[in-house]
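*Asks:*
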Amino acid sequence: MDIVLLGAPGAGKGTQAERLVGTFGLAHVSTGDILRAAVADATPLGSAAKEYMDKGELVPDDVVIGLVRDRLSRPDADRGFILDGFPRTVAQAEALDTALAEMGRAIDAVVNIHVDPAIIVDRLTSRRTCRGCGRIFSVKSLGDDRVCEACGGEIHQRDDDTEATVRNRLDVYRRSTEPLIEYYRRKDLLREVDGDRPVDAVFSDVRSVVEGR
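In this text, residue positions in the sequence shown follow my numbering: the first is 5, and each later residue adds one.
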């Protein structure tokens with residue numbers, strides 16, 4: 005079971021991916037996590053990627069494709085995977101198809117989680133992250149101390165969650181990623197899910213799509 009999750013930044017792809025992983029035992033392949041790890045480790049790749057990420061722009065295809073291909077070749081992806089945050093362009097989708105074909109695999113289903121852009125801006129600009137454990141909070145739910153309840157770490161706003169960057173990320177998504185919807189629709193793989201609902205309701209629909217592909 006090899007799944008692609010589509011949706012604008014902040015649409016809830018990561019949350020739904022985690023639930024699918026827990027339900028079906030698939031590998032969760034998040035390019036955002038892969039790239040942020042490279043940034044945190046201060047690798048040459050991470051330094052190059054950070055310049056694009058901080059401005060809300062897409063990291064070059066050759067960098068991302070190489071990372072994803074390496075990740076999909078690991079043993080935990082043998083049972084299946086969920087791609088979260090990749091592909092983001094038609095060129096990446098075509099490169100993914102080629103890479104998977106060489107591995108004797110193919111995408112089984114593509115789930116597009118749709119959320120109104122105005123709601124996404126509010127979601128992401130309200131998001132705060134713990135520097136210690138990486139846990140994510142809403143600023144609306146934090147107390148005055150602004151300390152992580154899980155590990156006591158400092159809570160901060162990531163550079164890519166400021167309003168200007170979020171709006172730029174959404175514009176980049178509209179221009180570069182939405183064509184993927186038509187690409188996968190032509191392949192009869194695309195299924196649409198309304199993401200502006202409670203998490204459980206969204207997951208119910210996502211699971212139905214995956215199981216009924």
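Ideal Cβ positions, reconstructed from N, Cα and C, are used throughout, including at glycine.
Using the rule of at least 16 other Cβ atoms within 10 Å of the residue's Cβ for burial, across every protein chain shown, is I140 buried or exposed?
*Replies:* For this step, residue 140 is matched to residue 136 along the sequence shown. By the neighbour-count rule (16 or more Cβ atoms within 10 Å), I140 is not buried but exposed.
*Asks:* Are V214 and L10 closer than 8 Å when you measure CB to CB?
*Replies:* Within the sequence shown, the letter at position 210 stands for residue 214. Within the sequence shown, the letter at position 6 stands for residue 10. The answer is no: Cβ separation not under 8 Å.
*Asks:* Which whole-angstrom value is the C-beta distance of V72 and F90, which I expect to be below 8 Å?
*Replies:* By 1-based counting over the sequence shown, the position of residue 72 is 68. By 1-based counting over the sequence shown, the position of residue 90 is 86. Between F90 and V72 the Cβ distance is about 5 Å, and since that is below 8 Å, they are a contact.
*Asks:* Quick test of the definition: if touching needs 3 or more C-beta pairs under 8 Å, does the stretch 204 to 212 touch the stretch 15 to 23?
*Replies:* Short answer: they touch.
*Asks:* Classify P202: buried if its beta carbon has 16 or more other beta carbons within 10 angstroms, exposed otherwise.
*Replies:* Locating residue 202 in the sequence shown gives position 198, where the first residue counts as 1. By the neighbour-count rule (16 or more Cβ atoms within 10 Å), P202 is not buried but exposed.
*Asks:* Beta-carbon within less than 7 Å of D198's beta-carbon, same chain only, minus the 5 sequence neighbours each way: which residues are those?
*Replies:* Against the sequence shown, residue 198 aligns to sequence position 194. Result list for D198: H118, in chain order.
*Asks:* Pull up the distance between the alpha-carbon of S4 and that of T169, whole angstroms please.
*Replies:* The question about residue 4 has no answer here: the residues shown for the chain are numbered 5 through 217.
*Asks:* If you drop the 5 nearest sequence neighbours on each side, which residues of the same chain put their C-beta closer than 7 Å to that of I69?
*Replies:* The residue labelled residue 69 in the question sits at position 65 within the sequence shown. Excluding sequence neighbours, I69 sits near Q96, A99.
*Asks:* Does the beta-carbon of C155 have 16 or more other beta-carbons within 10 angstroms, so that it is buried, or is it exposed?
*Replies:* As a first step, residue 155 is located in the sequence shown; it is residue number 151 there, counting from the start. It is exposed - the Cβ of C155 has fewer than 16 other Cβ atoms within 10 Å.
*Asks:* DSSP beta-bridge partners for F207?
*Replies:* The sequence position of residue 207 within the sequence shown is 203, counting from 1. Paired residues: none, contrary to the question.
*Asks:* When you compare each of L39, D58, T93 to S180 by their alpha carbons, which one comes out closest?
*Replies:* As a first step, residue 180 must be located in the sequence shown, where it is residue number 176. Checked all of L39, D58, T93; the closest Cα to S180 is T93.
*Asks:* Using only the alpha-carbon positions, how far apart do D82 and A110 sit?
*Replies:* In the sequence shown, counting from the first residue as 1, residue 82 sits at position 78. In the sequence shown, counting from the first residue as 1, residue 110 sits at position 106. Taking the straight line from one Cα to the other gives about 12 Å.
*Asks:* Have a look at the DSSP bridge pairing and note the partners of E196.
*Replies:* As a first step, residue 196 must be located in the sequence shown, where it is residue number 192. According to DSSP, E196 bridges with N116.
*Asks:* Grab me the residues of A113's own chain with a C-beta within less than 7 Å of its C-beta, minus the 5 sequence neighbours each way, in chain order.
*Replies:* Walking along the sequence shown from the start, residue 113 turns up at place 109. Answer for A113: I7, L193, R195, V213, V214, R217, listed in chain order.
*Asks:* Restricting to runs no shorter than 4 residues, where is the alpha helix (DSSP H) found entirely within the stretch 77 to 116?
*Replies:* Here the runs fully enclosed are 94 to 106.
*Asks:* Helix, strand or coil for D45? Go by DSSP, reduced to three states.
*Replies:* One-based indexing of the sequence shown puts residue 45 at position 41. DSSP places D45 in coil when its eight states are reduced to three.
*Asks:* Can you look up E182 in the DSSP assignment and give me helix, strand or coil?
*Replies:* For the purposes of this step, residue 182 is identified with residue 178 of the sequence shown, where counting begins at 1. Correct three-state label for E182: coil.
*Asks:* If distances are taken between C-alpha atoms only, which option among C137, R127, I185 comes closest to S145?
*Replies:* Here residue 145 refers to the residue found at position 141 of the sequence shown. For the residues C137, R127, I185, the minimum Cα distance to S145 belongs to R127.
*Asks:* Are D58 and D163 close, meaning C-beta to C-beta below 8 Å?
*Replies:* Start at 1 with the first residue of the sequence shown, and residue 58 comes out as number 54. Start at 1 with the first residue of the sequence shown, and residue 163 comes out as number 159. For D58 and D163, yes; Cβs fall inside 8 Å.
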